[in-house]
Each structure stands twice: as structure tokens, then as C-alpha cells.
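Visitor:
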DNA sequence: ATGACTAAATACTTTAGA
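Residue numbers (my numbering): 30 to 316.
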């Protein structure tokens, strides 16, 4: 089962990149963040294209900002929009949706940015992360939490730690909040697969940051033991950050082996969309 | 140069992102 997560920075703007990416990578489950669309608008925009490829769609969005979704072609059951008890700013925002896909509880999350350490938005970020921990911990298992955490777990996850001193994404309280979530038994599957390597998922649009590979790793896939033990590949799809009108985030893609008990979800027919043309497919690179 | 770019509404400028 292939699970991907991608902060698309406006699904409306990203459709010309998103649909070809779906056809090339062919994930079974996709977690999206920053759709920036209300639920009806999201379904109107991509519902038919997703259905044609065999995906069911769970959306939790709002106009203008935020917005998350899960696409699945291995089942999409018990959808929950939002997180019970999560704070708002000041009102609840569309930052989480979860569903059971192929026997795994999948969470698509867009953690608040935090803006400035010590600000109200920063406090909101920390409180939101605490609510996420409670929801994941008390929710169905096994679980996988995918999304834009807006936290670089360690200094190895930013291109220049000195450049981020005093900024959000790297402060001790943020990292402690992330560590608290991981204390539920969640594994950072990309870092565990590529220890000590330069791996980023976000590069600022400005100043050729992607070209110079000056980025951060803030989009994470956190999996409970049972899921982490099935990981066969875990990588960042840098190809999707290249070319015309990309998101500023790249997708993270994780391949799971079959579950030990054989429960890999319902068998589904292949999607009707054509595969990528021969010779145009790019294999994942180890960098 | 508290900037550079992209996106959405507040829309021809401001807010937000990270």
C-alpha cells in the first residue's frame, strides 16, 4: 500500500500538477494539506477526476485558507473531520481529517504555522499539537499521521540552523510537542530510513532556494510500530517540486508491505486513468 | 534589503505562508 502526503498550497492552482502526479505515482492513499477550498468547491474541482481514478474523497476545508483531504482507493471508512477538543484561532480551522484506509487509521494534518515564537498563534500551535496527540492516542490503531507539521524535528532538518534561531519551526517547545506526539509510539519513517542524510520537503519559492537545496523537512509521516514495521520505502518526491507552477512543498511517499495478517484492505479494480507513457516515469532516487 | 515568491481576498494593496 502506497501512502503519500502533500501540502499542495492551493489545490485549485495545483490541479495541472496534481492529476499527472497521481497518474505517475499511483498512491493508494493521499493526504493533502492547504487545499484552500471549501468542501463543495473541492469536490467540484477534483471529485470526478478522483472518482475516475478509483479514489474516494474525504474533505475538510474552508474558503481561502487551510483545508485538508484524504483520497483513498483502499477504503475510506469512519471519516472524522477536525480534532475533538482542538483550539481555534479564534474559531476552529480545517486542519485535520482522518479515516480508516486499508486497515490503517490515516490522519491528514496541517499544523498551525505559529508565526512568531511567543505570539498567540504560537500558543495556538502548541495547544493544537496537544489536542492532536490526545486524538491520535485515543483513536483507532494502527495509525499513521501524515502532513505538514510546520516543525523541523532536529537541526539536521533545516539547511542552516543558525538562520532559524529565534524563528518558529525549530524552537524547543515545538520540538517537545512533536516529541510528545511521537511518545505515543510513532516513528518518523523517512528519517529512520535515511539517517544522517540531507532530506527536505519544503523550499521557499524565493531566491532559488530549491535550486540550491536550501530547505527544511517539515512534512512528516509518523507511523505506529505495526505500520512502521511494514515500511519498504520512504522518500521525498523532489520531482514534484520542479518545473512549472509547483507547490513550495514536495510530496512524501511511503510504501508499506502487506500486513502480517494479510489484511491489506479490500481488493479494488485498477483505476481507469491511463498509466504514464513509457519512458516518462522517473524512479525514486536515493539522492 | 526584517527582501527575494506565490496565493487569496481585504483586490491594483494587504495578509499569510514558513
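Ideal Cβ placement from N, Cα and C applies to all residues, glycine included. Please read all numbers here as calculations on a predicted model, not as lab measurements.
Any contact between the stretch 179 to 193 and the stretch 244 to 256? By contact I mean 3 or more CB pairs, one from each, below 8 Å.
Guide: Verdict: yes, contact present.
Visitor: Counting along the chain, where does the alpha helix (DSSP H) carrying residue 155 start and finish?
Guide: It spans 149 to 167 - the alpha helix (DSSP H) in which residue 155 sits, taken as one unbroken run.
Visitor: Taking the alpha-carbon of residue 105 as reference, which of 208, 234, 162, 136 has the nearest alpha-carbon?
Guide: The shortest C-alpha separation from residue 105 is found at 136.
Visitor: How close, in whole Å, do the beta carbons of residue 124 and residue 97 come, if the pair is a contact with beta carbons under 8 Å?
Guide: Confirmed, Cβ separation roughly 6 Å.
Visitor: Quick one: give me the first and last residue of the alpha helix (DSSP H) that residue 249 is part of.
Guide: Run containing residue 249: none in the alpha helix (DSSP H); it sits in the beta strand (DSSP E), 248 to 252.
Visitor: Buried or exposed for residue 92, please, with buried defined as at least 16 other CB atoms from any protein chain shown within 10 angstroms of its CB.
Guide: With fewer than 16 Cβ atoms within 10 Å of its Cβ, residue 92 is classed as exposed.
Visitor: If you run the structure through DSSP and keep just helix, strand and coil, what is residue 259?
Guide: Coil at residue 259, not helix or strand.
Visitor: Cutting at 6 Å between CB atoms, please list the residues of its own chain near residue 62, excluding the five before and the five after it.
Guide: Counting only Cβ-Cβ distances below 6 Å, and skipping sequence neighbours, we find 36, 97, 139, 176, 177.
Visitor: Residue 156 to residue 215, Cα distance in whole Å?
Guide: Roughly 19 Å separates the two Cα atoms.
Visitor: Which whole-angstrom value is the C-beta distance of residue 126 and residue 89, which I expect to be below 8 Å?
Guide: Right, their Cβ atoms sit about 4 Å apart.
Visitor: Starting from residue 62, follow the beta strand (DSSP E) in both directions and report where the run begins and ends.
Guide: Residues 58 to 62.
Visitor: Just tell me which of 118, 213, 274 has its CA closest to the CA of residue 42.
Guide: Per the Cα distances, 274.
Visitor: Find the nearest neighbour of residue 288 within the set 133, 167, 234, judged by alpha-carbon distance.
Guide: Comparing Cα positions, the closest option is 133.
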